[in-house]
């Protein structure tokens, strides 16, 4: 501004020239004032964001919302951008409806703090925005009246959230998507020099619509995630149930097979009993007539022993479905193993099978049915021999596995061969009755073996590698569980 | 010396023969052991002769041997009955028990054990009333 000097001397009247200069100065000052006003108007217009700038801001916000899936982060981003979008805003508040739609809760503010603030639909600015069909501008007494509807405590909280108090205008917008009301957005204006104007409404409505879409998107994502989790859980449950069903079906099939085996075994046993009875006792009659030193006695003894063995086998076949009455007794497994090895020694030697045995000398006696266990060991050893048609090594181990506080002591028997191994597809089925890979096999040997071991309260397992051999491992408790003993002692009375 | 009369009913002739021969050797003159070729013949002999012990193999609950057992139990309860069966099952045992059978052995019992059992039965019947 040009510097002006006023004459204060009244000693002489102004001359015409002076008057003219004075008018010229006044004109210059008036021109300067007009220029200043023009500059002020230009600066105001420049301070207001242009529609293009606002659209850019909205698009940027839209992009940010697209990649943000955290609801609190979205809401905070929106209130911050809203304050930047509307010059003169002294604070932005965003409310969301609860699940019932009967209460609005403050969820984000441009101040960053989040005091507890709840309003009913229709109450105060936020509640009116919630029910409004579209964005609206509120100012003057109407705004003051709406603010007065706040609870005193909330009124105080609101004053703390705004940079200028009281607000002179407010932009209110519902957060809606189709017919679903989600919440409301309230932007307070604090400067009389920069009041909100109606042309702000499309932008605040656009902002509110974007927020609504983002909120619904997050809710849908959360719901999708929840449904996916439930689906995964359902699939897991289904898999578990299916596995149980498969197991139950397998057990049912196993039971059916065992029943069939039992009936067949009983039928065969009954048919054999008569000729066995006749043969065995015919020998007894013949033996009575022989002299005490007759050489034939040795052979009759062999025949008697073998017929006795047949009798035991027949009895065991019936035991396959019916518990035996034979007494359990303390049994030395090493002795049973040695006796069985002795039994198959010749057979193995002819098959060029070498026997190695590592029997634990400290192996304690267990309560068991020696004949039945011998049958199991015999069956496994003969199977091992069959798996080594060109010879190999049969290894038999017994070990004592002392228990601890959580497990009882057990003994373990391992029978390993270096034979052809078992195809993985057969492994799950080899203990099932009638399942065999041998051309002349009955499919009963391993099933009966597993049954006998189970009857002793133990378990049998197999590990096999094709081309390298198989190892059958039997675990037996020192004493069968009481229920097993009862079963094995069970009489028919 | 009292001679016990023992009748064998068994649908397996070889088994019946061995039973008869073996028991006869074991019991010597104390028993006369014979084989009935069929349940009908056995029933007829039980009605008209003195039979102390009937050794019988009922193959099933519906067999002719079982029918004979029922009839003997009804008409001649004084005749001791010993079941010697190749068809030992819980069901058969239960049924024989319900028919009053007290002596039950399952094949292939050893002849020596069978002989001892028969000796006890006939001995008890020679000295007292029926033990069934």
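Protein chains in written order, with this note's numbering: chain A, 1 to 493; chain B, 494 to 625. We put the beta carbon where it would ideally sit given N, CA and C, even for glycine. Only a predicted model underlies this, so the values are computations on that prediction, with no experimental measurement involved.
Within-8 Å CB hit, residue i to chain B
{"i": "residue 284(A)", "result": "yes"}
{"i": "residue 276(A)", "result": "yes"}
{"i": "residue 455(A)", "result": "no"}
{"i": "residue 297(A)", "result": "no"}
{"i": "residue 288(A)", "result": "yes"}
{"i": "residue 334(A)", "result": "no"}
{"i": "residue 473(A)", "result": "no"}
{"i": "residue 311(A)", "result": "yes"}
{"i": "residue 383(A)", "result": "no"}
{"i": "residue 270(A)", "result": "yes"}
{"i": "residue 281(A)", "result": "yes"}
{"i": "residue 325(A)", "result": "Because the pLDDT of residue 325(A) is 45, which lies under 50, any placement of that residue in the model is unreliable, and the number read from its coordinates should be weighed accordingly. No, no contact with chain B."}
{"i": "residue 379(A)", "result": "no"}
{"i": "residue 494(A)", "result": "In the structure as shown, chain A begins at 1 and stops at 493. Residue 494(A) is therefore absent and cannot be evaluated."}
{"i": "residue 273(A)", "result": "yes"}
{"i": "residue 487(A)", "result": "With a pLDDT of only 40 at residue 487(A), under 50, the local geometry of the prediction cannot be trusted, and no value is derived from it."}
Chain A contact for residue i (CB, 8 Å cutoff)
{"i": "residue 601(B)", "result": "yes"}
{"i": "residue 625(B)", "result": "Caution is warranted here: a pLDDT of 34 is assigned to residue 625(B), below 50, making its placement in the model unreliable, and no coordinate value can be reported."}
{"i": "residue 508(B)", "result": "yes"}
{"i": "residue 537(B)", "result": "no"}
{"i": "residue 579(B)", "result": "yes"}
{"i": "residue 511(B)", "result": "yes"}
{"i": "residue 606(B)", "result": "no"}
{"i": "residue 518(B)", "result": "yes"}
{"i": "residue 515(B)", "result": "yes"}
{"i": "residue 533(B)", "result": "no"}
{"i": "residue 545(B)", "result": "no"}
Cα-Cα separation, residue i to residue j
{"i": "residue 173(A)", "j": "residue 153(A)", "result": "24 Å"}
{"i": "residue 280(A)", "j": "residue 549(B)", "result": "19 Å"}
{"i": "residue 155(A)", "j": "residue 70(A)", "result": "29 Å"}
{"i": "residue 493(A)", "j": "residue 314(A)", "result": "In this predicted model, residue 493(A) has a pLDDT of only 25, less than 50, meaning its place in the structure is not dependable; the value taken from the coordinates is given anyway. If I take the Cα positions, the gap works out to 21 Å."}
{"i": "residue 603(B)", "j": "residue 538(B)", "result": "28 Å"}
{"i": "residue 190(A)", "j": "residue 39(A)", "result": "23 Å"}
{"i": "residue 415(A)", "j": "residue 275(A)", "result": "36 Å"}
{"i": "residue 295(A)", "j": "residue 605(B)", "result": "22 Å"}
{"i": "residue 337(A)", "j": "residue 357(A)", "result": "9 Å"}
{"i": "residue 284(A)", "j": "residue 303(A)", "result": "10 Å"}
{"i": "residue 428(A)", "j": "residue 535(B)", "result": "56 Å"}
{"i": "residue 134(A)", "j": "residue 241(A)", "result": "53 Å"}
{"i": "residue 588(B)", "j": "residue 345(A)", "result": "47 Å"}
{"i": "residue 197(A)", "j": "residue 223(A)", "result": "39 Å"}
{"i": "residue 271(A)", "j": "residue 238(A)", "result": "49 Å"}
{"i": "residue 233(A)", "j": "residue 226(A)", "result": "10 Å"}
{"i": "residue 218(A)", "j": "residue 201(A)", "result": "26 Å"}
{"i": "residue 363(A)", "j": "residue 512(B)", "result": "46 Å"}
{"i": "residue 361(A)", "j": "residue 410(A)", "result": "15 Å"}
Neighbourhood of residue i by C-beta distance below 7 Å, restricted to the same chain and skipping five residues each side
{"i": "residue 286(A)", "result": "300"}
{"i": "residue 181(A)", "result": "97, 101, 130 and 174"}
{"i": "residue 150(A)", "result": "124 and 158"}
{"i": "residue 506(B)", "result": "none"}
{"i": "residue 162(A)", "result": "90, 91, 188 and 190"}
{"i": "residue 374(A)", "result": "336, 339 and 340"}
{"i": "residue 348(A)", "result": "355, 385 and 394"}
{"i": "residue 310(A)", "result": "276"}
Residue i - partner residues in DSSP beta bridges
{"i": "residue 609(B)", "result": "In DSSP, residue 609(B) forms no bridge with anything."}
{"i": "residue 136(A)", "result": "172(A)"}
{"i": "residue 497(B)", "result": "524(B)"}
{"i": "residue 63(A)", "result": "DSSP lists no partner for residue 63(A)."}
{"i": "residue 105(A)", "result": "96(A) and 118(A)"}
{"i": "residue 275(A)", "result": "According to DSSP, residue 275(A) bridges with nothing at all."}
{"i": "residue 89(A)", "result": "189(A)"}
{"i": "residue 529(B)", "result": "502(B)"}
{"i": "residue 597(B)", "result": "576(B)"}
{"i": "residue 476(A)", "result": "411(A)"}
{"i": "residue 546(B)", "result": "499(B) and 573(B)"}
Cut-off 6 Å between Cβ atoms - residues of its own chain near residue i, not counting five sequence neighbours on either side
{"i": "residue 376(A)", "result": "449 and 452"}
{"i": "residue 183(A)", "result": "95, 96, 97 and 175"}
{"i": "residue 497(B)", "result": "524, 545 and 615"}
{"i": "residue 420(A)", "result": "387"}
Contacts around residue i, its chain only, beta-carbon distance under 8 Å, and the 5 residues preceding and following it disregarded
{"i": "residue 5(A)", "result": "Legend: pLDDT at residue 5(A) = 49, less than 50; position of this residue unreliable, value from coordinates given subsequently. For residue 5(A), where only same-chain residues beyond five positions count, there are no Cβ hits under 8 Å."}
Next item on the list: Identify every run of the beta strand (DSSP E) within the region 294–379 of chain A, keeping only runs that are complete inside it and at least 3 residues long; order them along the chain.
Entry: 329–331, 353–359 and 366–368
Next item on the list: Identify every run of the beta strand (DSSP E) within the region 391–474 of chain A, keeping only runs that are complete inside it and at least 3 residues long; order them along the chain.
Entry: 392–401, 410–417 and 459–465
Notebook entry, point to check: What are the complete beta strand (DSSP E) segments, minimum 3 residues, inside the region 158–228 of chain A?
Noted result: 169–177 and 180–189
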